[in-house]
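Report on the structure given below.
Number of protein chains: 2
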Amino acid sequence: MKLAVIGLGLIGGSLARALRVGRSAGLVVTGFDTDPKQVRLAVDLGVVDQAPGSAQAAVQGADIIVIAVPVLHTADALKSILPAIGTTAVVTDVGSTKQSVLEDVAKVCGGKLPPWFVAGHPIAGTEKSGVANAFAELFHGHRVILTPHAGQSADARDRVRKMWEAAGARVVEMDAARHDQIFAATSHLPHVLAYGFVDMLTRLPEQDQIFRNAGGGFRDFTRIASSSPQMWHDIVRANRATVSELLARQISDLSEMLAMIRSERWDELKARFERARAARERHLSQIE
Amino acid sequence: MKLAVIGLGLIGGSLARALRVGRSAGLVVTGFDTDPKQVRLAVDLGVVDQAPGSAQAAVQGADIIVIAVPVLHTADALKSILPAIGTTAVVTDVGSTKQSVLEDVAKVCGGKLPPWFVAGHPIAGTEKSGVANAFAELFHGHRVILTPHAGQSADARDRVRKMWEAAGARVVEMDAARHDQIFAATSHLPHVLAYGFVDMLTRLPEQDQIFRNAGGGFRDFTRIASSSPQMWHDIVRANRATVSELLARQISDLSEMLAMIRSERWDELKARFERARAARERHLSQIE
Chain A
0 MKLAVIGLGL IGGSLARALR VGRSAGLVVT GFDTDPKQVR LAVDLGVVDQ APGSAQAAVQ
60 GADIIVIAVP VLHTADALKS ILPAIGTTAV VTDVGSTKQS VLEDVAKVCG GKLPPWFVAG
120 HPIAGTEKSG VANAFAELFH GHRVILTPHA GQSADARDRV RKMWEAAGAR VVEMDAARHD
180 QIFAATSHLP HVLAYGFVDM LTRLPEQDQI FRNAGGGFRD FTRIASSSPQ MWHDIVRANR
240 ATVSELLARQ ISDLSEMLAM IRSERWDELK ARFERARAAR ERHLSQIE
Chain B
0 MKLAVIGLGL IGGSLARALR VGRSAGLVVT GFDTDPKQVR LAVDLGVVDQ APGSAQAAVQ
60 GADIIVIAVP VLHTADALKS ILPAIGTTAV VTDVGSTKQS VLEDVAKVCG GKLPPWFVAG
120 HPIAGTEKSG VANAFAELFH GHRVILTPHA GQSADARDRV RKMWEAAGAR VVEMDAARHD
180 QIFAATSHLP HVLAYGFVDM LTRLPEQDQI FRNAGGGFRD FTRIASSSPQ MWHDIVRANR
240 ATVSELLARQ ISDLSEMLAM IRSERWDELK ARFERARAAR ERHLSQIE
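As they're listed, the protein sequences go chains A and B.
In case it helps, numbering that gives the first Met the number 0 puts the first sequence at residues 0 to 287.
In case it helps, numbering that gives the first Met the number 0 puts the second sequence at residues 0 to 287.
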C-alpha cells in the first residue's frame, strides 16, 4: 500500500502518523508540501518515508492520494498531480467546505467529477498548525464526513472509508450542500466570531491589561482564534454565501441583545441566556 | 477560626473545601444558602460543618464572612446578616463586578463603605454551578483581585489576602473601575457572545443536525454558554454601561467583517484573522 499526502500540515501529518502506527507490512507514505520547511520536518520527524521533491513524484504509484491543503488550494494541488495519478488510484481531500471542493475538482477534470475522487472532511483538529503538531491520535473517535457525488466509484469510497477507519475515525455520509450549511454554523461562524472578538481587544487602549487578566473562560472561548488565518480565510471564502448569511443573523441577534441591555429588558436577556444554556446542556453528550 | 459562607455555590463551596483541606486546628465552616437543596448538599458533602438555617445564625461569631451570591444579591445578603456581624469580623465578597458591589455595600451601610468590607474577585470558575461541583483546587495558581476603597482597614484586607493564599491563590489589587473595564472585555462580553451564538443556533431549522455535528472547537467556544444564566444576568446588569459599550463595538467590528465578506475584500479579512491570532499567541503564556 502506498499513501501519498499532498500538504504536510496538522491534518495530513496526523493521518500519515495514524496509519503508520497501525501499519500493515509494506505501507509506504510519501509526502509533498509547497513549503520546504514542512517537508524537511515531515522527513526528520518520521511522518513520511519519502519526500521526492515534487507533487507529481510524490503521487507516482500511490494507491490513495490525500490532498490536505487549505481548501482554496485544492484545485492547484490536483492540477499539479493530475498527469501522475495512476489508473487505480483514489484521490480524497480533507477540506472543511465540500461544495467548493467538488466544483473545483470538476473544473480541473474537464467539467465532470471523476469516479475516483472522494470528498471528505475529518471533524478533528486543534488550533495548532503544521506537521510538527501532528499526532497519530487526532482522529480517534472522531467523525469523518464523506459527501459522495453522482458517478463516484463505490470502490473508491470504500477504500477511503477503510483508510479513515484504520486511523481510528468513524465515517458518515452527507450531502455536500447540507454539510456546508451545518459546518458554517458549528465551525465557520465560530471561527469568524472568535477572530473578531480577539481582534477587537487588540484595538482597545487597555489591551495588555486585558490579556494579562484573562482566565480559563477566555482561553477556551478564544482558542480557535489561534487557528491558521490562511486556512480559515480559505474556508470563509469558499463558503461565503452561507457564512455571511449566518454572520448577518448573528449581528442582528447581538443587536437585539444590546437593545435589551440598553433598555433594561433584563428578563428577555436572561431568557436568551437560559435558552442557550439549556440547548447546550441538552446536546452536550453528542459533542465529540 | 470561624468562616461563614453565605451562598453555597461553586465559588463559596470551593473556598470552603480549599480551606478545610489545609485546615488549621479548630477551623469551623458555617454556611447558608436561600436554596435549601444547596444547604443540604453542602452538609451531606462535608463542605460545611454547620448550616444553622439562617444567614444571621450562620455568621454569628464568624471571623471571616464570605458573601458568594450572584452580584445583584449582594445587598440583600449583606442586609440579612448586618445585625449579626461581630465587631472584629471581616466581610468580603467574590462578585465579578466591583463598582456595583461597592455601591450596594455603601447603600446598605448608611451611605459609607465600612472599614471591615473587602471587595474581592477570584479569577477562577467553571461553567458548572452549585455546591455539588465545588472542589478544593479551584483557586490553585489563580489570581484573586481585591479592589480596596478609601477607609478600608489594612488589617481586614490582610486577613482576606491570607485566606485566599491559604486556598492556593495569588492576591493582587486593582482599582474597582479599572477592574470592571477589564473584566467586561475578558469575561463579561465573551459570555454574552457565547450565549448569543448558541441561542442563535437554537432558532435555526437544522438545530439538531448542527449540534450533532459539533466538534472540539465548538465545545470550547461555547463552554461558557453553560454557565449560570442567573449569575451572568446579574453581572451584565451590574456592569451594563461598559458591557453595552463593548458589545456595540463588537457588533460594529463584525459588521465590518461581514462587509468584507460580501464585497470580497479577502485580504482585509485575513489581516484581521492574522492580527487576532498574533495577539492571542503573544499573550497566551499569561493566560492562567
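Every residue, glycine too, gets a C-beta built ideally from N, C-alpha and C.
How long is the line joining the alpha carbons of Pro147 of chain A and Leu18 of chain B, rounded to whole angstroms? Position 148 of the first sequence, counting from 1, holds the residue named residue 147 of chain A. Position 19 of the second sequence, counting from 1, holds the residue named residue 18 of chain B. Their backbone Cα atoms lie some 59 Å apart in a straight line.
Enumerated in chain order, which unbroken segments of the alpha helix (DSSP H) with a length of 4 residues or greater are wholly contained in the region 167-254 of chain B? 175-182, 188-201, 206-211, 215-221 and 228-237
Please classify Asp266 of chain A: is it buried, with 16 or more other beta-carbons within 10 angstroms of its beta-carbon, or exposed? Within the first sequence, the letter at position 267 stands for residue 266 of chain A. Classification of Asp266 of chain A: exposed, given that the 10 Å Cβ count is below 16.
Does Arg264 of chain B come out as helix, strand or coil in the three-state DSSP assignment? The residue you call residue 264 of chain B lines up with position 265 of the second sequence. Correct three-state label for Arg264 of chain B: coil.
Residues in the region 199-213 of chain A with C-beta within 7 Å of chain B's C-beta atoms, listed in sequence order? Met199, Leu200, Thr201, Leu203, Glu205, Gln208, Ile209, Phe210, Arg211, Asn212 and Ala213
Gly119 of chain B: contacting residues in chain A (beta-carbon distance under 7 Å): Translated into the one-based positions of the second sequence, residue 119 of chain B becomes position 120. Simply none; closest approach about 14 Å.
Considering only C-alpha positions, which residue in the set B:Arg169, B:Pro69, B:His190 and B:Gln208 is nearest to Ser186 of chain A? Here residue 186 of chain A is taken as the residue at index 187 of the first sequence, counted from 1. Minimum Cα distance to Ser186 of chain A is reached at B:Gln208.
Any chance you could list the alpha helix (DSSP H) runs of at least 4 consecutive residues sitting entirely within the region 33-59 of chain A, in chain order? 35-43 and 54-58
Local conformation of Thr73 of chain A per DSSP, three classes: Numbered from 1 along the first sequence, position 74 holds the residue referred to as residue 73 of chain A. Three-state result, Thr73 of chain A: helix.
Kindly list the residues whose CB is nearer than 6 Å to the CB of Arg142 of chain B, restricted to its own chain and excluding five residues on each side of it in sequence; keep chain order. As a working mapping, residue 142 of chain B is identified with position 143 in the second sequence. Within the same chain, Arg142 of chain B has close Cβ partners Ile122, Arg169 and Val171.
Tell me, please, whether the CB atom of Pro147 of chain A is closer than 7 Å to any CB atom in chain B? The residue you call residue 147 of chain A lines up with position 148 of the first sequence. Not closer than 7 Å to any Cβ of chain B, the Cβ of Pro147 of chain A fails to qualify, so no.
Does Lys1 of chain B pass the burial test, meaning 16 or more other C-beta atoms within 10 Å, or should it be called exposed? For the purposes of this step, residue 1 of chain B is taken as residue 2 along the second sequence, with counting starting at 1. Classification of Lys1 of chain B: buried, given that the 10 Å Cβ count is 16 or more.
Interface residues of chain A around Arg239 of chain B at Cβ under 7 Å? Start at 1 with the first residue of the second sequence, and residue 239 of chain B comes out as number 240. In chain order: Ile260.
Identify whether Lys161 of chain B lies in helix, strand or coil by the three-state DSSP scheme. Walking along the second sequence from the start, residue 161 of chain B turns up at place 162. Lys161 of chain B falls in the helix class under three-state DSSP.
What first and last residue would you give for the beta strand (DSSP E) that runs through Leu14 of chain B? To locate residue 14 of chain B, count along the second sequence from 1; it is residue 15. Run containing Leu14 of chain B: none in the beta strand (DSSP E); it sits in the alpha helix (DSSP H), Leu9 to Val20.
Give a yes or no on whether the minimum CB-CB distance between Phe138 of chain B and chain A is below 7 Å. Along the second sequence, one-based indexing puts residue 138 of chain B at 139. Answer no: the Cβ-Cβ gap between Phe138 of chain B and chain A never drops below 7 Å.
Reduced DSSP secondary structure (H/G/I, E/B, other) of Phe116 of chain B: By 1-based counting over the second sequence, the position of residue 116 of chain B is 117. Looking at Phe116 of chain B - three-state DSSP - the assignment turns out to be strand.
Exposed unless 16 or more other CB atoms sit within 10 angstroms - verdict on Asp34 of chain A: Against the first sequence, residue 34 of chain A aligns to sequence position 35. Per the 10 Å Cβ criterion, exposed.
In three-state DSSP terms, what is Ile122 of chain B? For the purposes of this step, residue 122 of chain B is taken as residue 123 along the second sequence, with counting starting at 1. Coil, per DSSP.
Would you say the region 204-224 of chain B touches the region 237-245 of chain A, given that touching needs at least three Cβ pairs under 8 Å? no
Would you call the CB atoms of Asp32 of chain A and Ile66 of chain A closer than 7 Å? Your numbering for residue 32 of chain A matches position 33 in the first sequence. Your numbering for residue 66 of chain A matches position 67 in the first sequence. Result no, Cβ atoms of Asp32 of chain A and Ile66 of chain A do not sit closer than 7 Å.
Proximal residues of chain A, C-beta to C-beta of Glu280 of chain B below 8 Å: As a first step, residue 280 of chain B is located in the second sequence; it is residue number 281 there, counting from the start. Neighbours of Glu280 of chain B on chain A, chain order: Ser225.
Does chain B have any CB closer than 7 Å to the CB of Trp265 of chain A? One-based indexing of the first sequence puts residue 265 of chain A at position 266. Yes, contact with chain B.
Could you tell me whether any Cβ in chain A is nearer than 7 Å to the Cβ of Lys269 of chain B? Residue mapping note: residue 269 of chain B aligns to position 270 of the second sequence, counting from 1. For Lys269 of chain B, the answer is yes, since a Cβ of chain A falls inside 7 Å of its Cβ.
Enclosing beta strand (DSSP E) for Leu2 of chain A [first to last residue]: On the first sequence, residue 2 of chain A is found 3 positions in, with the first residue counted as 1. First-last of the beta strand (DSSP E) with Leu2 of chain A: Lys1 to Ile5.
May I ask you to report which of helix, strand or coil DSSP gives Gly92 of chain A? Residue 92 of chain A sits at position 93 when you count from the first residue of the first sequence. Note on residue identity: the sequence assigns Asp, not Gly, to residue 92 of chain A. Here Asp92 of chain A sits in strand by DSSP.
If the cut is a Cβ gap below 8 Å, which residues of chain B does Gly195 of chain A touch? Indexing the first sequence from 1 puts residue 195 of chain A at position 196. Result: Gln249, Asp252, Leu253, Met256, Arg271 and Ala275.
Quick one: list the residues of chain B neighbouring His232 of chain A, beta-carbon separation under 8 Å, in chain order. Start at 1 with the first residue of the first sequence, and residue 232 of chain A comes out as number 233. Going along chain B in sequence order, the residues near His232 of chain A (Cβ under 8 Å) are Trp265, Leu268, Lys269 and Phe272.
Taking one C-beta from the region 95-106 of chain B and one from the region 125-141 of chain B each time, how about it: are there three or more such pairs within less than 8 Å? no
Going by the CB atoms, is the gap between Asp179 of chain A and Lys97 of chain A shorter than 7 Å? On the first sequence, position 98 is the one that residue 97 of chain A refers to. On the first sequence, position 180 is the one that residue 179 of chain A refers to. Yes.
Considering only their Cβ atoms, is the gap separating Ser13 of chain B from Glu126 of chain B smaller than 7 Å? Along the second sequence, one-based indexing puts residue 126 of chain B at 127. Along the second sequence, one-based indexing puts residue 13 of chain B at 14. No.
Going by DSSP, what residues sit across from Arg142 of chain B in a beta bridge? Reading the second sequence from its first residue, position 143 is the one you call residue 142 of chain B. Looking at the DSSP assignment, Arg142 of chain B forms a beta bridge with B:Arg169.
If you measure between the beta carbons of Asp198 of chain A and Arg274 of chain B, is that distance less than 7 Å? Indexing the first sequence from 1 puts residue 198 of chain A at position 199. Indexing the second sequence from 1 puts residue 274 of chain B at position 275. Yes, the Cβ-Cβ distance between Asp198 of chain A and Arg274 of chain B is below 7 Å.
Within this structure, are the beta carbons of Ala3 of chain B and Val130 of chain B separated by less than 7 Å? For the purposes of this step, residue 3 of chain B is taken as the residue at position 4 of the second sequence. For the purposes of this step, residue 130 of chain B is taken as the residue at position 131 of the second sequence. The answer is no: Cβ separation not under 7 Å.
Roughly how many angstroms lie between the CA atoms of Val68 of chain A and Trp163 of chain A, to the nearest whole one? Here the question's residue 68 of chain A lines up with position 69 in the first sequence. Here the question's residue 163 of chain A lines up with position 164 in the first sequence. Going from the Cα of Val68 of chain A to the Cα of Trp163 of chain A covers about 17 Å.
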